[in-house]
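Written out below as structure tokens is the structure these notes cover.
In the UniProt record's numbering, the protein residues as written are 1 to 420.
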């Protein structure tokens, strides 16, 4: 019977079905199996993938080699794993792939990929999700830690009888990691890195995110939503590439979305206290950043992981959020693509007195390194120019002089774009 129906019509009809139903149809006869699995193109599987729906993984939708059938089968299987528990590594890999391939922000439409990830993580009561991605103890797999860092506790609202206690345990463990000075060495580049600074330590990043997110919960309504990191308010949507405010109008040279106004939250505490009642001090700062130079030396560019995104040197000012605060500092830093493909931000700050921001001062002052008093090492959360911002550590800038352990315990910071 199927042989007398035009294959185009059959494919169109199948495209309205669930992939599992298509697989069942393929088992009915040889002709059906050939149509589904041996078609000269992947029209059917591409249509099923995009209508599921998922975001188009091709840049700008342009033609490219995508194994649509394999990609869709992995995601359908991931749904089954999430419901029944199974291979956690496979599930995490698929979820991170969806986050990575989420459509760049261009309109106010939500990402199909990120909606699917959220739905997969919140449907039913998966023992694996409850244990490893929500309020359970940290898992050793770096993929799960990376996913947690991107979620920023946005799915964990403390509901349920056991949730408050689990949150307290998670917070205590995160604090222990964040404020342990042994985690900040030359090998880790004084931040959340491994392999001599070549790779991101997502377990450490997730601890930063957890500490700051929990601190903000303590403030309740006293810390308005508009001044919170967008990843905490919007969840995964804030991780989309180019979702930061003003990035669609940025300079072509500003691939990282440096220029504009940023907010920064820093938290600190006495490292000797880890009980739940001992609160940290959290501070909100304002930054105004501008590009100083963009690397253009061909000899340097040819050695980069991504020559289209050369290192950017930037400078600017950092002030207390309230005008009466005395803090007034100048900052200078660099943003670049790491070997593992993540985007790293590094900057130092120095007292600026009442002087306005001066690019020439930052570029030419030979004494800048001598007067710096704090440094920050962080990594971009989400895609390039994401609204989620940069999470990392801030500490004394004088690590090599031996003053790191004595005067400036490292603390978490979250820097995120506010407006252009």
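Each residue gets a CB set at the ideal place from its N, CA and C atoms; glycine is no exception.
Model, not experiment: these values are computed from the prediction.
With a cut-off of 8 Å on the beta carbons, I'd call residue i and residue j a contact; round off their distance for me.
i	j	result
residue 191	residue 378	7 Å
residue 239	residue 375	Not a contact, Cβ separation roughly 26 Å.
residue 202	residue 149	6 Å
residue 262	residue 309	Contact doesn't hold; Cβ gap of about 19 Å is too wide.
residue 94	residue 75	6 Å
residue 55	residue 111	6 Å
residue 194	residue 188	7 Å
residue 44	residue 8	Going by Cβ atoms, the distance from residue 44 to residue 8 rounds to 10 Å, so no, they are not a contact pair.
residue 285	residue 320	6 Å
residue 210	residue 171	7 Å
residue 174	residue 207	4 Å
Within 10 Å of its beta-carbon, does residue i have 16 or more other beta-carbons around it, so buried, or fewer, so exposed?
i	result
residue 225	exposed
residue 80	exposed
residue 356	Its pLDDT being 40, under 50, residue 356 is placed unreliably in this model, and the coordinates cannot settle the point.
residue 364	Note on residue 364: pLDDT 38, under 50, position unreliable in the model; the coordinate value appears next. Classification of residue 364: exposed, given that the 10 Å Cβ count is below 16.
residue 29	exposed
residue 4	exposed
residue 227	exposed
residue 419	exposed
residue 119	exposed
residue 259	buried
residue 347	buried
residue 156	buried
residue 35	buried
residue 200	buried
residue 281	exposed
residue 345	buried
residue 179	buried
residue 455	Examination of residue 455 is not possible in this model, given that the chain is present from 1 through 420 alone.
residue 302	exposed
residue 162	exposed
residue 27	exposed
residue 300	exposed
residue 481	Outside the displayed range of the chain (1 to 420) lies residue 481, so it cannot be described from this structure.
residue 380	buried
residue 6	exposed
residue 13	exposed
residue 181	exposed
residue 360	With a pLDDT of 42 at residue 360, under the threshold of 50, the modelled position of that residue is not reliable, and the figure given next carries that caveat. Answer is exposed; the Cβ neighbour count stays below 16.
residue 250	buried
residue 219	exposed
residue 329	buried
residue 24	exposed
residue 333	buried
residue 165	exposed
residue 38	exposed
Taking 8 Å as the cut-off, decide whether the C-beta atoms of residue i and residue j are in contact.
i	j	result
residue 115	residue 235	no
residue 51	residue 15	yes
residue 152	residue 213	yes
residue 91	residue 19	no
residue 318	residue 335	no
residue 233	residue 391	no
residue 297	residue 337	no
residue 410	residue 388	no
residue 383	residue 231	no
State yes or no: is the C-beta of residue i nearer than 7 Å to some heavy atom of the ligand MN?
i	result
residue 259	Within the structure as shown, the ligand MN is missing, as the structure has no ligands at all.
Contact between the stretch 309 to 324 and the stretch 284 to 296: three or more CB pairs below 8 Å?
yes
Measuring CB atoms only, is the stretch 410 to 417 touching the stretch 253 to 271, in the sense that at least three cross pairs come out at less than 8 Å?
yes
What are the start and end residues of each continuous alpha helix (DSSP H) run of 4 or more residues lying completely inside the stretch 154 to 208, in chain order?
163 to 178
Report the start-end ranges of each alpha helix (DSSP H) in the stretch 262 to 317 that is 4 residues or longer and not cut off at the edges.
298 to 301
At what residue ranges does the stretch 207 to 247 contain a whole run of the alpha helix (DSSP H), taking only runs of 4 or more?
230 to 234
List, from N- to C-terminal side, the alpha helix (DSSP H) runs of 4 residues or more that fit wholly inside the stretch 73 to 120.
88 to 100
In chain order, what are the residue ranges of uninterrupted alpha helix (DSSP H) at least 4 long that sit wholly in the UniProt domain "F-box" (1 to 48)?
7 to 14, 19 to 26, 30 to 37
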